[in-house]
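Asks: The structure under discussion is supplied below as structure tokens; questions concerning it will follow.
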Amino acid sequence: MNPRIAPSLLSADFSRLATEIAEVEAAGADLLHLDLMDGHFVPNLTFGPPVVAALARVATIPLDAHLMVTDPDALIPELAAVGVSRTAVHVETCRHLHRTLAGIRETGMEAGVAVNPASSLTLLDEVLGDIDFVLIMSVNPGFGGQAFIQSSLAKISRLRQLLGDRDVDISVDGGVDAGTAGPLTAAGATTLIAGSAVFGAHDRARALALLREAALRGNDP
Ligand code: DX5
Ligand code: ZN
Numbered sequence: 000m001n002p003r004i005a006p007s008l009l010s011a012d013f014s015r016l017a018t019e020i021a022e023v024e025a026a027g028a029d030l031l032h033l034d035l036m037d038g039h040f041v042p043n044l045t046f047g048p049p050v051v052a053a054l055a056r057v058a059t060i061p062l063d064a065h066l067m068v069t070d071p072d073a074l075i076p077e078l079a080a081v082g083v084s085r086t087a088v089h090v091e092t093c094r095h096l097h098r099t100l101a102g103i104r105e106t107g108m109e110a111g112v113a114v115n116p117a118s119s120l121t122l123l124d125e126v127l128g129d130i131d132f133v134l135i136m137s138v139n140p141g142f143g144g145q146a147f148i149q150s151s152l153a154k155i156s157r158l159r160q161l162l163g164d165r166d167v168d169i170s171v172d173g174g175v176d177a178g179t180a181g182p183l184t185a186a187g188a189t190t191l192i193a194g195s196a197v198f199g200a201h202d203r204a205r206a207l208a209l210l211r212e213a214a215l216r217g218n219d220p
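Structure (structure tokens):
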């Protein structure tokens, strides 16, 4: 499977979101990654469902919601209602992870579990059959532009092994750039989320092309 590239809107210019989205869509982005932060689970605050609803009206590629909030259950129906395609909740925030994942799938969205750098993959053991994707955090969540945590590569390889022949996407979020993209797909990542590497670049089309080229090289050494 060709790796997918999902620009993360967190590093875009918030005063011109529609234009920013159109630009990465024209450059061939596969998904649009949206970081919802509540200032509690992570020390940063972004936007919620009303902004996502506005973005959904202009975006033509699938929306990928990443919930960095202490109470993700409250947001799930609203996100589904505005047309978000897939939603990841953090394993660290869910008391009843199985119920939350079932709730996401019931809305018709794909369900994902995000895992912080310090959280063990063993937390996923009992839900591997209930998810469509895992979101491996390769930085501590909250901010764009942080350095990639190298141990994430071995974690991704272990996860790919654990998943066996299950059709589960491995997405990676944090510090993804043309340097880390190849090793990430080689380790088993199938979706690369990149904020500053895309929106921090003057030429977004070139940034996306470089990422895709590196990702494909890693996929097929
Ligand atoms: C961080 C967010 C990421 C962020 C990644 O908590 O989840 O999606 O935008 O930014 P970069 O790609 O700059 O590390
Ligand atoms: Zn994210």
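Numbering (numbering that gives the first Met the number 0), first residue to last: 0 to 220. By construction, the Cβ of each residue, glycine as well, lies at the ideal position given by its N, Cα and C atoms.
1) Rounded to whole angstroms, what is the Cα-Cα separation between residue 194 and residue 92?
2) Of the residues 154, 122, 59, which one's Cα is nearest the Cα of residue 90?
3) Tell me the residue span of the beta strand (DSSP E) that contains residue 195.
4) Would residue 2 be called buried (16 or more neighbouring beta carbons within 10 Å of its own) or exposed?
5) Should residue 57 go down as buried or exposed, given a rule of 16 or more other Cβ atoms within 10 Å for buried?
6) Since residue 85 sits in a beta bridge, which residues does DSSP pair it with?
7) Can residue 89 be considered in contact with ligand 1, in the sense that its beta carbon sits closer than 7 Å to one or more heavy atoms?
8) Residues in the same chain with beta-carbon distance under 6 Å from residue 198, minus the five sequence neighbours each way, listed in chain order, please.
9) The alpha helix (DSSP H) spanning residue 16 covers which residue range?
10) Run the CB neighbour count on residue 44, radius 10 Å, all protein chains shown included, and call it buried at 16 or more, exposed below.
11) To the nearest angstrom, how far is the alpha carbon of residue 185 from that of residue 218?
12) Tell me where the alpha helix (DSSP H) around residue 75 begins and ends.
13) Among 177, 191, 214, which one has its Cα closest to the Cα of residue 206?
14) My guess is that residue 83 and residue 66 are in contact by the Cβ rule of under 8 Å, so how many angstroms apart are they, rounded?
15) Should residue 7 be counted as a contact of ligand 2 given a C-beta to heavy atom distance under 7 Å?
16) Mind the definition here: the region 131-140 touches the region 163-174 only if three or more C-beta pairs lie below 8 Å; say whether that holds.
17) Using the Cα positions of residue 8 and residue 59, report the straight-line distance between them to the nearest angstrom.
18) Can you find a heavy atom of ligand 1 that lies under 7 Å from the Cβ of residue 138?
19) Check residue 129 in the structure and name its three-state DSSP category.
20) Measuring alpha carbon to alpha carbon, tell me which residue in 25, 192, 114, 115 is nearest residue 175.
Replies: Judging by the given coordinates:
1) Counting from one through the sequence shown, the residue named residue 194 turns up at place 195. Counting from one through the sequence shown, the residue named residue 92 turns up at place 93. Distance between the alpha carbons of residue 194 and residue 92: 23 Å.
2) Translated into the one-based positions of the sequence shown, residue 90 becomes position 91. The residue with the shortest Cα to Cα distance from residue 90 is 122.
3) As a working mapping, residue 195 is identified with position 196 in the sequence shown. Element bounds for residue 195: not the beta strand (DSSP E) but the alpha helix (DSSP H), 195-198.
4) The sequence position of residue 2 within the sequence shown is 3, counting from 1. When all chains shown are included, residue 2 counts as buried.
5) In the sequence shown, the residue the question calls residue 57 occupies position 58. That one is exposed.
6) The count along the sequence shown starts at 1 and reaches residue 85 at position 86. According to DSSP, residue 85 bridges with 63, 109.
7) On the sequence shown, position 90 is the one that residue 89 refers to. Answer for residue 89: no, Cβ out of range of ligand 1.
8) To locate residue 198, count along the sequence shown from 1; it is residue 199. Result list for residue 198: 10, 11, in chain order.
9) Numbered from 1 along the sequence shown, position 17 holds the residue referred to as residue 16. 16-25 is the extent of the alpha helix (DSSP H) around residue 16.
10) For this step, residue 44 is matched to residue 45 along the sequence shown. Per the 10 Å Cβ criterion, exposed.
11) Taking the first residue of the sequence shown as 1, we reach residue 185 at position 186. Taking the first residue of the sequence shown as 1, we reach residue 218 at position 219. Taking the straight line from one Cα to the other gives about 5 Å.
12) Your numbering for residue 75 matches position 76 in the sequence shown. Counting along the chain, the alpha helix (DSSP H) containing residue 75 begins and ends at 75-80.
13) Within the sequence shown, the letter at position 207 stands for residue 206. Per the Cα distances, 177.
14) If you number the sequence shown from 1, residue 83 lands on position 84. If you number the sequence shown from 1, residue 66 lands on position 67. The pair is not a contact, with the Cβ atoms about 10 Å apart (cut-off 8 Å).
15) As a position in the sequence shown, residue 7 is number 8, starting the count at 1. Residue 7 Cβ: within cutoff of ligand 2.
16) yes
17) For this step, residue 8 is matched to residue 9 along the sequence shown. For this step, residue 59 is matched to residue 60 along the sequence shown. Distance between the alpha carbons of residue 8 and residue 59: 14 Å.
18) Within the sequence shown, numbered from 1, the residue matching residue 138 stands at position 139. At least one heavy atom of ligand 1 is nearer than 7 Å to the Cβ of residue 138, so yes.
19) Mapped onto the sequence shown, residue 129 falls at position 130. In this structure, residue 129 counts as helix in the three-state DSSP scheme.
20) As a first step, residue 175 must be located in the sequence shown, where it is residue number 176. Nearest option by C-alpha distance: 192.
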